[in-house]
Structures are given as structure tokens and as C-alpha cells.
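Q: Which chain is which? The protein sequence lines are A and B, in order.
Once you know that position 25 of the first sequence is 25 in the working numbering, the rest is easy, because the numbers rise by one and skip nothing.
Once you know that position 307 of the second sequence is 1307 in the working numbering, the rest is easy, because the numbers rise by one and skip nothing.
Glycine included, each C-beta is placed from N, C-alpha and C at the ideal position.
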Amino acid sequence: MPAQWLAACLVNELPPGGRKLIKLNGIDIALFNIGGTVFAIKNRCPHRSGPLIRGFTDAAGGIKCPMHGWRFDLRNGSSERPAQATVYPVKVEDNTLYLLL
Amino acid sequence: MQLANIDKLIKDEYAFFLKEKNDWSLTAGPQDLELVAHALRVLLHARTTPDFLPDYLALVDCQNADGGWSPFSADEESTVWVSAFCGLMLIRGNRLLGNERITKSVHRAIDYFLGTQKSDGHWVDPRWADLDTTSHPVSFFNVALGLHEPYRRADVLRSWERGGRFIIDNQSSDGGWYDADFHPSGVEITAHLIQDAVVADLVIERRLRGADESCAKGAAKLYEWQAQDGSWDNENVDHTMDCTRSLMVVTRILNDTRAEEVIMHGLRWILTHKNESGWGDFPGEETNLERTCDGLDTLLKYKAYRSSDPQDVVRLWGYVS
């Protein structure tokens, strides 16, 4: 099935510094607003399935899993650890956040 | 906390654990070996190991040529952390099973750990912090020494001592162990290191200078880190179980009765945040099997902790027969 843009939430539901867990197409996705930029990442850490929504963000656009500290770049899912996280492109239209799934 | 209630809870959770067997048993197909090791630990502590010989032999069957295991049973690249957990379950399980194939597998695991240790005493695994990783082969060797395993004993003793020394030498002056990348808060790693590595020396060898002080300082740090609600590390169920279990064995060996209330407080929190069956990683999270194995293990260890024989809980770490 080709990827499609799906509505995630209203922009004002995710102010700067905020985070929100949503479910789209049966997938739990963690949303983070870091300094006005919204990132979307699959909620389960590829290490031991820790919930990234409870993780620690940094100004460089990273998220650290609360279980064992694996860090992922929210822009592309890359990591220094031996796994990659799944991230989703985000766009804003009509005061709504959309994710490409 | 009434032991009768704990017994009922153990019974119910164990039934749930068995119901999910296809998701943790290698007899059902390829598995995540970290989960398999967690499950085998439940079997050990529930005293049902003899009923599950095929599971132990299946773990032997997926040992790699170098003597280690991979995070996933169908893979072939060994990593240290999971290898030590698998080896530990086999050496402990084989006390009850007495199986020759398992004995040989344990010997190959010993070769693997002796061959992968770094010159300064630590081990490396890209999936885990070096200190945490190092505590696992040390824990495996603790049990090999405690059970008087004769295979390459002099080599094992030297390797174990270097690993233990590395861990003690890297303890922070405040009593915790930290890793800037993997474990900035220090909670889980400190709980792991005192219970899985350092404290065994006080039971089996007494070769590591400063082991008693190291454990006492580590335990004190865990007391300090406990939140008012009884949890550790921002309501982290896994880490709260780690700390609660760690204090059971460490303070029993140190004969530190101050831990009693801390342990009870932790256990109450764990029980409060249990799902209908099993546990999730945080309150409100859906149940996952690994956390459920940890929860069952915590209950089984608590039961041993309450025993009139102070050695009972130590036995569940395999440091004494």
C-alpha cells in the first residue's frame, strides 16, 4: 500500500516542549515538539521495546530510550547502536499535523 | 504483605506465563534469547526446570560456534550480554538436569568469555554499557566458582577477579555506577552491579578488596534514589524490580536490616502497578513478557527473602548451593 498522509492531531495539541502518544494504522507513534519542530517516531525502541514517549529529548533532536539509554536521531531514526528507529515525515496543513505512513 | 497472597499471585502469574509459552519457548521456534533467558530464570526459581529439559537443550542447539549466543536465536553473531545470561541459565539449570550436552555447552561458554575479555578486565557489547556488560560474565563466573565448576578453573578465577576489579574500580565516589550514554541516572546499572557481580565475592571467594564497602555504598545509593512512592527511575517498572531484588540479596548478605522497609515499599509499588496479568514497562503500559518474567522473579525472590533461612534468597542468585 503506498504511503499516505494521515492526520495525527491539531497543532495546538503539541506546543513546544510537548509530547504526545498517538495511534495511526495500529502503530503507536510518539510525537515530540522540540523548539517548534515536530518529530514523529515509532514508540517502541528497537532494543528492548522501551516506550520512547517516556524518553529524554535533547536540543540536537535526539531521543534517549528510558530503559537502557539507546539514543536515536529524531530526524532520520539513526543511532550509534546496532539498530535504527522508524521515523515518520511530518507536515502541517490547516492547523493539523499530518504524518506520512 | 501476606505470604499467602504472594503465593496466590505467583500461582496466577505463573499460569499466565505458561499460557504465553509459544512466545518464549525455543521449542516453539526461533526466539529473542534475552526473553528466553528471562523465562528460564522463572523456571529455575519456580523449581520447574526438570519439566523443561527440551527448552534447555534447544538453547544448547542455538549456541554459536564460538561458544556465545546471539540476541536472536536464528542469528550467528555472538554478543556478550545475552551469552552470559544464556550461559548462566544453563550452568544453574544443569545442577538440576545433570545433562552432558549442557555441561559441554557451559564449557564452550567459558571458553567464549575467557576469549573475549579485554586486557583491563572488561567485556564489550554494542547493545549494553560496558559496566553492565562486564557484570554479566562476572555473574556467570560467580556461579561457576560457587558451584565449583572445575573446567579451566584457574583461568576463570583470574578472569573473574579482573572483571570484578574493573567494576569496583569504576564505582563513583557517591556509591553509584554511571554510564553517560546508556545509564545516565545510574539506577539500573548500580542495582545490576551490586547484585550480579560484587556481592557474590562476599559469599564465594573474598578476593576483591573493598567488595563489602562497594556493596554497602551501592545499596545506600539505591535507598537514596527511591522515590517517595516506592519506585525508582521515574516510575520505571523494570528498574524498580531491579532495585527491589538487588536489595534483597545484597542487604541479606551484608546483614543490613535497614533495607526491609525500602524493599517492602518497592514491592508494594510493583504490585500496585501490575496489570490484570503481568506487567508493562511503566504504569499503564500494556503487559510484556519480559517484564512479566521479571515480576514473577521478584515475587519468587521475595518469598525466599522472607524465609527463615537467610541463605534461601542467596540461593536464587546461584552463589550458594
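1. Whose C-alpha, out of P2/A, G61/A, G77/A, K91/A, is nearest the C-alpha of N43/A?
2. Would the region 1157-1166 of chain B count as touching the region 1122-1141 of chain B if we require 3 or more Cβ pairs under 8 Å?
3. Along the beta strand (DSSP E) that carries E93/A, what are the first and last residues, could you check?
4. Can you tell me where the alpha helix (DSSP H) holding G1218/B begins and where it ends?
5. If the cut-off is 8 Å on Cβ atoms, which residues from the region 1172-1191 of chain B count as contacting chain A, listed in chain order?
6. Are the beta-carbon atoms belonging to F1085/B and T1134/B less than 8 Å from one another?
7. Kindly list the residues whose CB is nearer than 6 Å to the CB of F32/A, restricted to its own chain and excluding five residues on each side of it in sequence; keep chain order.
8. Once you ignore the five residues that flank E1013/B on each side, which residues in its own chain have a CB closer than 6 Å to its CB?
9. Could you have a look at Y98/A and say whether DSSP puts it in helix, strand or coil?
10. Can you tell me the Cβ-Cβ gap for D1125/B and V1080/B, rounded? I've got them flagged as a contact below 8 Å.
11. Which chain B residues are close to N49/A, counting only those with a beta carbon under 9 Å from its beta carbon?
12. Could you confirm whether any beta carbon from chain B is found closer than 8 Å to the beta carbon of P46/A?
13. Output, in chain order, the set of chain A residues within a Cβ distance shorter than 8 Å of W1128/B.
14. To which residues of the same chain is N1275/B closer than 8 Å at the C-beta, ignoring the five residues directly before and after it?
15. Which residue or residues does DSSP assign as beta-bridge partners of P51/A?
16. What does N956/B touch in chain A if you count any residue whose Cβ is under 7 Å from its own?
17. Confirm, please, whether the CB-CB distance from L14/A to L99/A is below 8 Å.
18. Counting C-beta neighbours from all protein chains within 10 Å, is the total for N1255/B 16 or more, i.e. buried, or is it exposed?
19. Within 8 Å of any Cβ in chain B, is that where the Cβ of R19/A sits?
20. Answer yes if the region 1106-1118 of chain B comes into contact with the region 1276-1285 of chain B, meaning at least three C-beta pairs across the two stretches below 8 Å, and no otherwise.
21. List the residues of chain A that E1205/B touches, going by C-beta distances under 9 Å, in chain order.
22. Quick check on DSSP: helix, strand or coil for C1293/B?
23. Between E1076/B and chain A, is the shortest Cβ-Cβ distance under 8 Å, so that the two count as touching?
24. How big is the Cα-Cα spacing for K91/A and T37/A?
25. Considering only residues of the same chain and omitting the five flanking positions on each side of M1292/B, which have a CB-CB separation below 6 Å?
26. Using a Cβ cut-off of 8 Å, pull out every chain A residue sitting near E1285/B, in sequence order please.
27. Rounding to the nearest angstrom, what Cα-Cα distance links L1088/B and D1242/B in this structure?
28. How big is the Cα-Cα spacing for G1210/B and K1021/B?
29. Exposed or buried, which one is H1273/B when buried takes at least 16 other CB atoms within 10 Å?
30. Using the beta-carbon count (16 or more within 10 Å), is A1219/B buried or exposed?
31. Relative to the alpha-carbon of H47/A, which residue among A1065/B, V1082/B, Q1228/B, C1062/B has its alpha-carbon at the smallest distance?
32. Taking only runs of the alpha helix (DSSP H) that begin and end inside the region 1102-1177 of chain B, which ones reach a length of at least 4 residues, in chain order?
33. Taking 8 Å as the threshold (beta carbon to beta carbon), is R81/A in contact with chain B?
34. Within the chosen definition, does the region 1187-1207 of chain B reach the region 1144-1152 of chain B through at least 3 CB pairs nearer than 8 Å?
35. When you compare the region 1305-1313 of chain B with the region 1044-1059 of chain B, are there three or more beta-carbon pairs, one atom per stretch, that lie closer than 8 Å?
A: Taking the structure as given:
1. Here the closest residue by C-alpha is G77/A.
2. Contact between the region 1157-1166 of chain B and the region 1122-1141 of chain B is present, because at least three Cβ pairs lie under 8 Å.
3. For E93/A, the enclosing beta strand (DSSP E) stretches over residues 90-93.
4. In the DSSP assignment, G1218/B falls within the alpha helix (DSSP H) that extends over 1211-1225.
5. If the cut-off is 8 Å between Cβ atoms, the region 1172-1191 of chain B has D1179, D1181, F1182, H1183, P1184, E1188 near chain A.
6. The beta carbons of F1085/B and T1134/B sit no closer together than 8 Å.
7. Non-local C-beta neighbours of F32/A in its own chain, meaning closer than 6 Å and more than five positions away in sequence, comprise R19, F39, T57, ordered along the chain.
8. Same-chain partners within the cutoff: L1296.
9. In the structure shown, Y98/A sits in a strand (DSSP, three-state: E or B).
10. Contact flag correct, Cβ pair sits at about 4 Å.
11. Before going further, note that residue 49/A is Ser rather than Asn in the sequence given. Here the neighbours are D1281, N1288, E1290.
12. P46/A does not count as touching chain B.
13. Contact note: W1128/B reaches chain A through H68, using a C-beta cutoff of 8 Å and chain order.
14. Cβ-Cβ distances below 8 Å link N1275/B to E1286, T1287 in the same chain, with the five nearest sequence neighbours on each side left out; the list follows chain order.
15. Bridge pairing for P51/A: R44/A [DSSP].
16. The first residue shown for chain B is 1001 and the last is 1321, placing residue 956/B beyond what the model contains.
17. Taking 8 Å as the cut-off, the beta carbon of L99/A is found no closer than this to the beta carbon of L14/A.
18. Result: exposed.
19. Closer than 8 Å to the CB of R19/A there is not a single CB belonging to chain B.
20. By the Cβ criterion, the region 1276-1285 of chain B is not in contact with the region 1106-1118 of chain B, since fewer than three pairs of Cβ atoms, one from each stretch, lie closer than 8 Å.
21. Those within 9 Å of E1205/B in chain A number zero; the least Cβ separation is about 29 Å.
22. In the structure shown, C1293/B sits in a helix (DSSP, three-state: H, G or I).
23. Not an interface residue.
24. Spanning the two alpha carbons is a distance of roughly 10 Å.
25. Just to set this straight, residue 1292/B is Thr in the shown sequence, not Met. Close CB contacts of T1292/B within its chain, under the 6 Å cut and outside five residues either way in sequence, are with G1278, W1279 (chain order).
26. Near E1285/B (Cβ distances below 8 Å), the residues of chain A are P51.
27. Their backbone Cα atoms lie some 17 Å apart in a straight line.
28. Spanning the two alpha carbons is a distance of roughly 43 Å.
29. Counting Cβ neighbours within 10 Å, H1273/B comes out buried, since at least 16 surround it.
30. Flag for A1219/B reads buried.
31. The residue with the shortest Cα to Cα distance from H47/A is V1082/B.
32. If we require 4 residues or more, the alpha helix (DSSP H) runs fully inside the region 1102-1177 of chain B come out as 1130-1146, 1153-1169.
33. At a cut-off of 8 Å between C-beta atoms, R81/A counts as an interface residue with respect to chain B.
34. Contact between the region 1187-1207 of chain B and the region 1144-1152 of chain B is present: three or more C-beta pairs spanning the two stretches fall below 8 Å.
35. When C-beta atoms of the region 1305-1313 of chain B are compared with those of the region 1044-1059 of chain B, fewer than three pairs fall below 8 Å, so the two segments do not count as touching.
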